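Participant:
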Amino acid sequence: MNNQMPSTNDRPTLISVSDLTLAFGSRVIQHDVSFEVKRGSIFAVMGGSGCGKSTLLKSMIGLLRPRQGTYMVGKDNYWSGDDQSRIQIGRRFGVLFQSGALWSSMTVGENVALPMQMFTSLTPPVIRQLVELKLGLVGMLHAIDQYPSELSGGMRKRAGLARAISLDPDILFFDEPSAGLDPITSARLDDLILNLRDGLGATIIIVSHELSSLFHIADDGIFLDAGQKTAVAHGSPTWLRDHCTDPLVHAFMHREQLDTSSPHENG
Amino acid sequence: MNTSVNGAPQWQLQPEANRTLVTLSGNWIAQEGRIPEFPDSALKEIRQGEPVEFSTDQLGRWDTSLISFLWKLKRSALEAHVDLRMDTLPESAHKLLDLLPENPPQPQPPAPHHFAPVAAVGQLTLDTLNEIGCVSEMGTAAARGGFAALVGRGMMRTVDLMTDLSAAGPAALLIVGVVNFLVGAILAFVGSVELHKFAADIYVASLVAIAMVREMSAVMTAIIMAGRTGGAYAARISTMQGNEEIDALQVFGIPVSSYLILPSVLALAFTMPLLYLYGCLIGMFGGFCVSYIMLHVSPLGYFHETLQALPLDQFTFGFIKSFVFGTFIGLTSCRIGLKAGRSAADVGIAATKAVVVGIVGVIALDAVFAVIANVIGI
Ligand SMILES: Nc1ncnc2c1ncn2[C@@H]1O[C@H](COP(=O)(O)OP(=O)(O)OP(=O)(O)O)[C@@H](O)[C@H]1O
Ligand SMILES: [Mg+2]
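These protein sequences, in sequence, are chains A and B.
Residue numbering for the first sequence is 922 to 1188, as defined by the numbering used here.
Residue numbering for the second sequence is 99 to 476, as defined by the numbering used here.
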């Protein structure tokens, strides 16, 4: 079966995950997941709803200790170090949560400013200017003084994105950045993501269902299956669409209905 | 669909020459009444290899209740290895049925409940000890954050401290005042009944003063704050948990102990002694009002007697007590909020638990203080 894209990329590996097993209590969500992310690439995590994409992301940003396996960021083994070393590595991360996860007691502007106040010695006027820049990039400058509860779902997403890039991290994790956005904003977001990669040299790991945007931006990826509870295919979304023979991946990539006799059921 | 049909939903299984016909008739509308159920055994009679077909000429309007019936039928057919001719159904019903899985997941049987009192008590003890450890660890982390804040390298925002201080302090003045006033007045009432018999009315003043300063003000204020502020802290933090806000803090490496917990605990630990002092004064004033109106004690006499009865170390003791109560309520309610689940119900549970633990804990701590006071002879 053809489910592994031949490597064409000679950039150095930045993140390498091997044999990762993720579980909540006794319930295994995914097992033996392995993949590598090249520096400066946009890596897509794909799969049906509830298959464990957010869970994988959670363990990559340090919120869920995997049951087994190793997770290397550069030369550091993320989960074998102590809290302090994890925080050190985490300084390189920027995360957009699926729900935005803005701090509700602060305005949008303060949300973006807080990490800078905490971890840099910038003066307030400079911070203000940077906050305006980040919010401008995601088209949220008009909402700088609003509270998260006053925003729509899509606006919260965009504000969360601005906060994720507040410390100019070199590794970005986005959980469904374009869900809930209109097509134009979504296309703008794609451009922003490409610019973050090209301009800042960021490496981006993105969970998304938005096929059109994935085909456009992602250059590598992994496909998780809820039935087999593991990764069933590796490759860029375009490659998976054109070459992958796994019936589930094929159906996903072509927006087809799966043959009901297939063993893959998201029960 | 036959719109001229009226009547209750009905079905019938008819064996024919070389097939079995299922006739569906009537209106299958869930809201209009009982929908027949398809019995498990109905397909047992059917001869192997013969198809089951549907006749829907008599079928009126239908909604998902028909689909639910057919789904059950389809699963029975699958089990009995009967060939069901789905294409004899209306097209739209056929399509809806195709969306449904053939074998829905079996509900998990609930875990058997073992009655093991010894194990349960042991588990409870371990959990409690573990909790005490966690709360102390959190307290130490917060204290370290506090020192860092003192030397100007803290992660606490002054705004947050100010917000918490004003919520715990000025905003609580009214209720703390009312409660302590009434407690003072009640003490005066109760005392006056006995003291009047001995013509010792003036000693009502010392009774109220000692009781308020030594016990009542500190405990009453702490109970009010446990209900008011402790519950609020637990609810706030567990809501943040549900919104992934705590996750976001962790990802940025912002320590929850000094960013979130320190201002809350500091606010309570600072305001509680002040509220205690305020409660003492208001309580004594309450006692005075009753004495003045009922026993006609002179204001000057009451004031003099109060001063006589109160050595300063009583205040010091009460001060220390309220500081400890405040810290305790702050730490436990934050811990309960952090440990809570992520659903809306969990927020309610956390708030309730924080109040209960706060009140019980304050009274238990007060008992410990009483023993200590006895030992050192205050
Ligand atoms: N805190 C939790 N405790 C227990 N189980 C969980 C928890 N969070 C998620 N799960 C389970 O883990 C599985 C994967 O969830 P996850 O959120 O990772 O899915 P997902 O792939 O991100 O789906 P979606 O595309 O819908 O966001 C689900 O079956 C879910 O029920
Ligand atoms: Mg998800």
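Heads up, the beta-carbon is just placed ideally off N, CA and C, and yes, glycines get one too.
Keep in mind that this is a model prediction, so the values were computed, not measured.
#1: Mind pulling the chain B residues with CB within less than 7 Å of A/M1039?
#2: Considering only the alpha carbon of each residue, which of B/E130, B/Q129, B/G439 and B/L122 lies closest to B/V150?
#3: Under the rule that 16 or more other beta-carbon atoms within 10 Å means buried, what is B/P208, buried or exposed?
#4: Since A/K976 contacts A/L941 with CB under 8 Å, what's their CB separation in whole angstroms?
#5: Can you name the residues of chain B whose CB is closer than 8 Å to the CB of A/S1020?
#6: Cutting at 7 Å between CB atoms, please list the residues of its own chain near B/A471, excluding the five before and the five after it.
#7: Please determine, among B/E135, B/F152 and B/G124, the residue with the shortest C-alpha to C-alpha distance to B/R159.
#8: Cβ-heavy atom distance between A/S975 and ligand 2 below 7 Å?
#9: Name, please, each residue of chain B whose Cβ falls closer than 8 Å to the Cβ of A/L984.
#10: What residues in its chain sit with their C-beta under 6 Å from that of B/N104, if we drop five residues either side in the sequence?
#11: Could you tell me whether any Cβ in chain B is nearer than 8 Å to the Cβ of A/I1125?
#12: Closer than 7 Å: is that where the CB of A/Q951 sits relative to any heavy atom of ligand 2?
#13: Across which residues does DSSP place A/H1155 in a beta bridge pair?
#14: List in chain order: all unbroken beta strand (DSSP E) runs of 3+ residues lying wholly within the region 974-1024 of chain A.
#15: Cutting at 7 Å between CB atoms, please list the residues of its own chain near A/R1118, excluding the five before and the five after it.
#16: State yes or no: is the C-beta of B/Q348 nearer than 7 Å to some heavy atom of ligand 2?
#17: To the nearest angstrom, report how far apart A/A1152 and A/D1146 are at their CA atoms.
#18: Let's see if you can read the secondary structure: which residues bound the beta strand (DSSP E) around A/S939?
#19: With respect to 7 Å, is the separation between the Cβ of B/C432 and the closest non-hydrogen atom of ligand 1 below this value?
#20: Can you tell me the Cα-Cα spacing of B/G399 and B/G456, whole angstroms?
#21: Using the C-alpha atoms, what's the distance from B/A286 back to B/V276?
#22: Going by DSSP in three states, B/G147 sits in which element: helix, strand or coil?
#23: My assumption, with CB atoms under 8 Å, is that B/L347 sits in contact with B/M254. Please give the rounded CB distance.
#24: Measure the C-alpha to C-alpha separation of B/L111 and B/L119 and round it to an integer number of angstroms.
#25: Secondary structure at A/M1176, three-state DSSP: helix, strand or coil?
#26: Let me know the secondary structure DSSP gives A/P1184 once reduced to three states.
Facilitator: From the atom records:
#1: The sequence position of residue 1039 of chain A within the first sequence is 118, counting from 1. Within 7 Å Cβ-Cβ: M253 and I352.
#2: Residue numbering aside, residue 150 of chain B sits at position 52 when the second sequence is read from its first letter. Minimum Cα distance to B/V150 is reached at B/L122.
#3: The sequence position of residue 208 of chain B within the second sequence is 110, counting from 1. B/P208 is exposed by the Cβ-count criterion.
#4: For the purposes of this step, residue 976 of chain A is taken as the residue at position 55 of the first sequence. For the purposes of this step, residue 941 of chain A is taken as the residue at position 20 of the first sequence. Per the sequence shown, the amino acid found at residue 976 of chain A is Thr instead of Lys. Taking the Cβ atoms as the reference, A/T976 lies roughly 10 Å from A/L941, outside the contact range of under 8 Å.
#5: Numbered from its first residue, the first sequence carries residue 1020 of chain A at position 99. Within 8 Å Cβ-Cβ: N341 and E342.
#6: Position 373 of the second sequence, counted from the first residue, corresponds to residue 471 of chain B. Its chain contains F415 as the residues whose beta carbon lies nearer than 7 Å to that of B/A471, once the 5 sequence neighbours on both sides are disregarded; these appear in chain order.
#7: For the purposes of this step, residue 159 of chain B is identified with residue 61 of the second sequence, where counting begins at 1. Nearest option by C-alpha distance: B/G124.
#8: Residue 975 of chain A sits at position 54 when you count from the first residue of the first sequence. Yes.
#9: One-based indexing of the first sequence puts residue 984 of chain A at position 63. The contact set of A/L984 on chain B, defined by CB atoms closer than 8 Å, consists of D345, Q348 and V349 in chain order.
#10: Sequence index remark: in the second sequence, residue 104 of chain B carries index 6 (1-based). Around B/N104: no qualifying Cβ.
#11: Here residue 1125 of chain A refers to the residue found at position 204 of the first sequence. Any Cβ of chain B closer than 8 Å to the Cβ of A/I1125 would place that residue at the interface, and such an atom is absent.
#12: The sequence position of residue 951 of chain A within the first sequence is 30, counting from 1. Not under cutoff, so the answer is no.
#13: As a first step, residue 1155 of chain A must be located in the first sequence, where it is residue number 234. Its beta-bridge partners are A/Q925 and A/I1143.
#14: With a minimum length of 3 residues, the continuous beta strand (DSSP E) runs that stay inside the region 974-1024 of chain A are 989-994 and 1014-1017.
#15: What you label residue 1118 of chain A is simply residue 197 of the first sequence in a count that begins at 1. Excluding positions up to five away in sequence, the list reads G961, I963 and I1125.
#16: Your numbering for residue 348 of chain B matches position 250 in the second sequence. In this structure, ligand 2 has no non-hydrogen atom nearer than 7 Å to the beta-carbon of B/Q348.
#17: As a position in the first sequence, residue 1152 of chain A is number 231, starting the count at 1. As a position in the first sequence, residue 1146 of chain A is number 225, starting the count at 1. When rounded, the separation of the alpha-carbon atoms in A/A1152 and A/D1146 is 6 Å.
#18: Translated into positions along the first sequence, residue 939 of chain A becomes position 18. Unbroken beta strand (DSSP E) run through A/S939: T934 to F945.
#19: To locate residue 432 of chain B, count along the second sequence from 1; it is residue 334. No, the beta carbon of B/C432 sits no closer than 7 Å to any heavy atom of ligand 1.
#20: The sequence position of residue 399 of chain B within the second sequence is 301, counting from 1. The sequence position of residue 456 of chain B within the second sequence is 358, counting from 1. Going by the C-alpha atoms only, they are around 39 Å apart.
#21: Counted from its first residue, the second sequence places residue 276 of chain B at position 178. Counted from its first residue, the second sequence places residue 286 of chain B at position 188. Rounded to the nearest angstrom, the two C-alpha atoms are 15 Å apart.
#22: Along the second sequence, read from residue 1 onward, the residue named residue 147 of chain B stands at position 49. Here DSSP, grouped into helix, strand and coil, assigns B/G147 to coil.
#23: On the second sequence, position 249 is the one that residue 347 of chain B refers to. On the second sequence, position 156 is the one that residue 254 of chain B refers to. Your pair B/L347 and B/M254 does not check out as a contact, with CB atoms roughly 13 Å apart and the cut at 8 Å.
#24: The residue labelled residue 111 of chain B in the question sits at position 13 within the second sequence. The residue labelled residue 119 of chain B in the question sits at position 21 within the second sequence. Cα to Cα, B/L111 sits roughly 6 Å from B/L119.
#25: Along the first sequence, one-based indexing puts residue 1176 of chain A at 255. A small correction: the amino acid at residue 1176 of chain A is Arg; Met does not occupy that position in the sequence shown. Under the three-state reduction of DSSP output, A/R1176 falls in the coil class, being neither helix nor strand.
#26: Translated into the one-based positions of the first sequence, residue 1184 of chain A becomes position 263. Model confidence at A/P1184 stands at a pLDDT of 46, short of 50, so the residue's coordinates are unreliable; what they give is reported in the following sentence. Three-state DSSP puts A/P1184 in coil, outside helix and strand.
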